[in-house]
Structure formats: C-alpha cells, structure tokens
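0 is the number of the first residue of the sequence shown in numbering that gives the first Met the number 0; add one for each residue after it. All C-beta atoms in this analysis are idealised placements derived from N, C-alpha and C, irrespective of residue type, glycine included. Below is one structure, written out as structure tokens; the observations come after it.
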Amino acid sequence: MSKEKKVFELSTMRHSCSHVLAQAVMQMFPDAKLAIGPDIDNGFYYDFDLPRTLIPEDLVLLEKKMKQIVKNAQRFVQKSVPIDEAISLLSGAGQTYKVEMAEDLKKEGEREISFYENFMPSGEATFIDMCRGPHVDHSGQVGAFKLTTIAGAYWRGDEKNKMLQRIYGVCFATQPELDAYMKMLEEAKKRDHRKLGKELEIFLFDEDVGPGLPLWMPNGGVLIEMLEKLAKVVEDRAGYVRVRTPHLAKESMYIKSGHLPYYKESMFPPMDVDGVKYYLKAMNCPHHHKIFGGVKRSYRDLPLRLAEYGTCYRYEQTGELFGLMRVRSLQMNDAHIYCTEAQFEQEFQAVNEMYLKYFEIFGIEKYVMRFSTHDPKKLGEKFVNEPALWKKTEDMVRNVLIKTKTPFIEVPNEAAFYGPKIDVQVWSAIGREFTLATNQVDFAVPRRFELTYIDENGKEETPLCIHRAPLGTHERFVGFLIEHYAGAFPVWLAPIQVKILPVSEKFNEYASELFAQLKAAGVRVRLDDSDESLGKKIRSAEMMKIPYMLVVGEKEVADKTVAVRDYATKKQEVVGKDEFVARVAKEAQAVFQ
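Quick look at the structure:
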C-alpha cells in the first residue's frame, strides 16, 4: 500500500468515525442538534448542541454505543437531494445548524446537497447526515478508536454565536497503532509545555494582561536571549543584516500590501490616531519592503537579506488560544531576502540548509516540508490573480526540493495569498508532530510596493522576495523545545547551567569563590546557601532540571575540587575546580562557535 493511499484511507476512516459518533450521540440524545464533524490529524471531532452538559462518564457510554454500531457493519450510502428539499428535510428534523450551512450553499449557487445514510445489513435505515464524504463502505471499517476529550467550541468559531460541545476522538487503522499513540499522549502530558512552563518558571499568563499575551519570566528570558543569539550568529555568517521596525503602521500600508483584504480577520481592530487608522502589525514584511524601497538599489546589492526578531500581534479567537502554541503576541525569527530570478534557487536552498543546521543543533531527526500551492479556481479571491507567476514560482520551488532530495509533500490550496510556501513540520523526541516554521515566495507584494532594482543593462526590474522564519516564533518554538527536551535543556540553552550546593554553612566561602569564578567565565550559575539539608537542595535543583549540580564539602575544599552531579546522565564524578569551570564554559559556548 502506498503512503498516499494509506493517508487517504485514514482520513476517510476518521471522518466516518465522526459519523459513528454522531449516530451514537443521537441515540443518547434524540433532540441533539448536529453541527460539524471533520477528520483531523490523528482523529476526528464533532460539535453538538445538547440538552445538558457532557461529563467524562458520557464518553464511556458513547464509546460502547459506537462499538455496537461498528459491530453492525452499517453501510454508508451517499445520495444527492435537491437543495430546497434538503433544507425542508433538515428543518423538519430540527437540525438548525445544518439548515444554516445548506442555506449558505444555496447562496453560493449549489443546487443539490450530498447526504450519507447508514443502513443495517437487513436494510433498516439508522442515521443520516449532510456530508460531502467520502466514507468507508461500512461502519465495520473505521478501525480502532477512542474518545478522548470534551471541549467547548463556538459555532463557526465566532464568540458571538452559541457555545457548542465538541467531542474529540482518535482513530487509527489498527489497535497497536492506537495503543502506541495513546502511550505517546501519556508521555506528552508529562511534557506539556503549559505544565512545565509553570513549574520551571519560564512563562505565565495573567488575566489583567489578557489571553494569548505571554509574560516571560527570567528563565524564559534566558531561553529567548540564547535563541536570538544563535539566530544572529547563524544569520550573520549567512550574510544577513539586521533591521528594526515599529509595532504598528497606518492602514494605507496594509491596504497597499494586500494584507487587509486577505488577512483582516487575523488583525486587531484599528486605532484612531489624529484621524488616521493605525493597525498593530500582524507581520513584518511590509515594513521590510519599505526599508528595501527607501534606497535606490542596484543588481550589485542583491541578494539583500533583511532580518529582524520582530514582535507581531494576531487576533486569534479566544477558543483557539493554546499555551504558547497559539498566542496573540509573537516574536518572529523573520527575514526577507530580495533577489533576482537567477539567484532564487541558490537563496531558497540556502534557507533550507539553514533549517537542516537547526534541526541538527536541536536534535530534530524527523521532519517534512509541506509544499503549499495555490488553487487556480480561487485566483483573485484567495490568491493574487497572476496565473503565470504562480506556475513559474511553484515550479522553481518544486525543482529546488527535488534537486536537493528534500522530503516534501505537496498540498494544494494552502499557499500564502502572494505566493507558494513551505511549512516545516517536525516531530519531537516522543514523536509528537509540530508545525514549526515557514519559507515563502512572494512575487506579488514587491510589485505592489513598486520595489525595483537596476539590472546590468540599466533597466528597472522587480525583485523576488523570500519570506523565511526557520525558528518560527519564540512562543511556538520555546513551547516545542520544552516538550522536546521535557524541560531538561542542553547546557548552552539552560536558563541555569550550574547550581552550587554547599553541604553546610562553613563551606559557603569556598562555594562563593566557585560562584564568582563560574560567573566570570560566563556561566549562568546559582548558589544555594540556604539552611536546607543537602538532600532538599539536590531535590530542588533536580526539579528545575539544572544540568550540573556541584556539591562542595570538606573534601572538595581541601582538594580544590567539586563533586559533579550530571542531570542528563545521572553520573557523579569529582573534578578539579578549574577543570570543571573550563569544561562547562566551553560547553556553554560550543553551539555559537
């Protein structure tokens, strides 16, 4: 079986499983109103308007009903119904949400609506739902599944609408695959960045500040500083120059860029300043375009690589906010590369190689590039209406990926409005999948901003622009790293690299000398000179997952040594004081060399 076929079949099984869930819910709550029930990564969900609030015990009962439906091997039969008849049918059944969707389809010009009806082997009809499909042949083919959580979800994601109840489930082709996934989820709970972020004092949220607006605590501040330091070292060697831009701009700039027509719902509402509308920036690109256009450029200036850790603001729906993974304030590892068509392939590949370098540094072994292309039917609507340029740039990106043997999957209808893009998906140490970063081609917006350079023949040309953010945003990447490392960061990244634990007060003088020596060597070090027992000091340091604990007592003072406890390996050894300081200082800087 090919990988493409298996993925298709899994998505179909998961979608069919959501219908099995809906049938089970209708058996338990005959007056339930159905909303939507798509397949998603690893499973499915379905939204319901129910007469009472669900409790965890309901999931057990629903699973039991679902297993009976699966055992019955009910056939999925598709039929098309004239749209007015369909609206009447749904209205008569009291399915108000389906009626709303059907009426929207009618406004869009649809004349028929697809339904899937379930039948017992005896021919008895058991359930019907409005759905385009596809589905498995019968319910016995949905695979192994488990209902996992109950959540709230506004109808159509709009906070002004009614809050529905969403049931999530997971579904795999076989029971062993489901068991392996559930085991991974259990480990993921222990590594949850929201849990560890609080325990390790990395970040927090506060009601007075607002949802989706993280506050970085000192330990989180160190993580950010180290990531920025790494990015600046890597980018400087790759020929990038750094810029800084303000956090807001006039409405006119975002109209010119095209972001307001295409992206307005993801931007915060405008503010009035002296009668002029200003928006908090949701992206850095228009500001960088202005920097490029502020100086007359020659082909000799290209490629020009402008980099910035820019803070952006995006209006995510409250129900979609999730720890550091979905926030409203984000600091982006952003850059824009302005180049000629002849330079494009080399520049695009250099960005991909930068990704690979980062993957090696962070121990990311499994990854895939999602190559997102446009949908020709949506030109002028979702995508800029430049069919020739779409074909040209998509071919250029595809050729780079194929030539360099970069693993990728092609996904239609997911490009940025201004050009094709690559979204980088990575897997953490426990096999959890994350969308990490992006690499985009922009052939449209430079033209909107009238960006030009003078070519070898003295003629004005429009540059191509590559948008790239290999480390994504601080928020998402730190969230990923917390879970990837389970909070036990490598020495170079760890907020506290060394903690000194004197056995008793009489060894504080030696401990203080050691502290000063490590500090002078550029090591992030803490001294625990509290009155707590050594056992408590060790437990406290272990809870914070500090890479090295140095125990100092009478023998260490006499021999000018330290007793080293390595958090990662759990090994203990006695090392000369000067030797350890030199070793850890080198280890802390190795990644930047």
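So, is ASN283 buried or exposed, given that buried needs 16 or more other C-beta atoms within 10 angstroms?
buried
Classify ASP136 as helix, strand or coil using the three-state DSSP reduction.
coil
Skipping 5 residues on each side, what residues in its chain have a beta carbon closer than 6 Å to that of SER90?
VAL98
Cβ of LEU58 within 7 Å of any heavy atom in the ligand FAD?
With respect to the ligand FAD, the structure offers nothing, as it holds no ligand at all.
Same chain only: Cβ atoms within 7 Å of LYS585, ignoring 5 sequence neighbours per side:
Within the same chain, LYS585 has no close Cβ partners at all.
Cutoff 8 Å; reference GLY209; Cβ partners in own chain excluding five residues on either side:
Cβ within range, chain order: ARG327.
Measure from the alpha carbon of ARG296 to the alpha carbon of each residue in PRO411, ARG155, GLU459, then state which is nearest.
GLU459
Count the other CB atoms within 10 Å of the CB of VAL573; is the residue buried (16 or more) or exposed (fewer)?
By the neighbour-count rule (16 or more Cβ atoms within 10 Å), VAL573 is not buried but exposed.
Quick one: give me the first and last residue of the alpha helix (DSSP H) that LEU596 is part of.
No answer is possible for residue 596: the residues shown for the chain start at 0 and end at 592.
What did DSSP end up calling ASN332 once you bin it into helix, strand or coil?
Strand at ASN332.
Judging by CA-CA distance, which residue of ALA23, GLY211, ARG110, GLY42 is the nearest neighbour of LEU33?
ALA23
Where in the region 72 to 103 do unbroken runs of the beta strand (DSSP E), each at least 3 residues long, occur, reported from the N-terminal end onward?
Taking only runs of at least 3 residues, the beta strand (DSSP E) segments lying wholly in the region 72 to 103 are 74 to 81.
Taking the C-alpha atoms as reference points, what is the distance between LYS5 and GLN140?
Confidence at LYS5 is low in this model, with a pLDDT of 41, below 50, so the placement of that residue should be treated as unreliable; the coordinate-derived value is given next. Whole-angstrom Cα-Cα distance: 14 Å.
With DSSP as the reference, please indicate the residues paired to GLU307 in a beta bridge.
Answer by DSSP bridge pairing, in chain order: ASP333.
Hey, how far is the Cα of GLN330 from the Cα of GLN588?
Whole-angstrom Cα-Cα distance: 24 Å.
Ignore the nearest five residues each way along the sequence and tell me which others in GLU344's own chain have a CB closer than 6 Å to its CB.
VAL399
Note down, in chain order, each residue of its chain lying with its Cβ closer than 7 Å to the Cβ of MET395, except the 5 sequence neighbours on either side.
Sequence-distant Cβ neighbours of MET395 in its own chain, meaning closer than 7 Å and more than five residues away, are PHE343, GLU344.
Reducing DSSP to helix, strand and coil, say where TYR298 ends up.
helix
Same chain, Cβ closer than 7 Å to GLY238, neighbours up to 5 away in sequence not counted
ARG304
Quick check: VAL423 and MET368, are their CB atoms within less than 8 Å of each other?
Going by C-beta atoms, VAL423 is nearer than 8 Å to MET368.
Coarse secondary structure for ALA179, derived from DSSP in three states:
ALA179 falls in the helix class under three-state DSSP.
Pick from PHE433, PRO285, ALA230, VAL232 that is closest to THR244, judged by C-alpha positions:
PRO285
What did DSSP end up calling GLU380 once you bin it into helix, strand or coil?
coil
Between the CA atoms of GLU508 and GLN496 - distance to the nearest angstrom:
About 21 Å.
Can you look up MET282 in the DSSP assignment and give me helix, strand or coil?
In the three-state reduction of the DSSP assignment, MET282 falls in the coil class, being assigned neither a helical nor a strand state.
Out of LYS404, ALA349, ASP441, which has the shortest C-alpha to C-alpha gap to LYS390?
Minimum Cα distance to LYS390 is reached at ASP441.
Span of the alpha helix (DSSP H) around HIS466
Taken as a continuous stretch (DSSP letters only), HIS466 belongs to no alpha helix (DSSP H), being part of the beta strand (DSSP E) at 463 to 468.
Where ASP374 falls: helix, strand or coil (DSSP):
coil
Any chance the region 545 to 556 sits against the region 178 to 195, with 3 or more Cβ pairs inside 8 Å?
The answer is no - the region 178 to 195 does not touch the region 545 to 556, with fewer than three Cβ pairs under 8 Å.
The beta strand (DSSP E) spanning GLY151 covers which residue range?
143 to 153
In angstroms, rounded to a whole number, what distance separates the CA positions of ASP40 and LEU247?
35 Å
Sheet register partners of ASN438 (DSSP bridge):
ILE421, ARG467
I need the boundaries of the alpha helix (DSSP H) containing GLY534, first residue and last residue.
Here the alpha helix (DSSP H) through GLY534 covers 533 to 542.
My output table needs one value for ASN117: the three-state DSSP class, helix, strand or coil.
strand
Is it true that the region 376 to 389 meets the region 429 to 437, where meeting means three or more beta-carbon pairs spaced less than 8 Å apart?
no
Beta-carbon gap between ALA540 and LEU500 smaller than 8 Å:
yes
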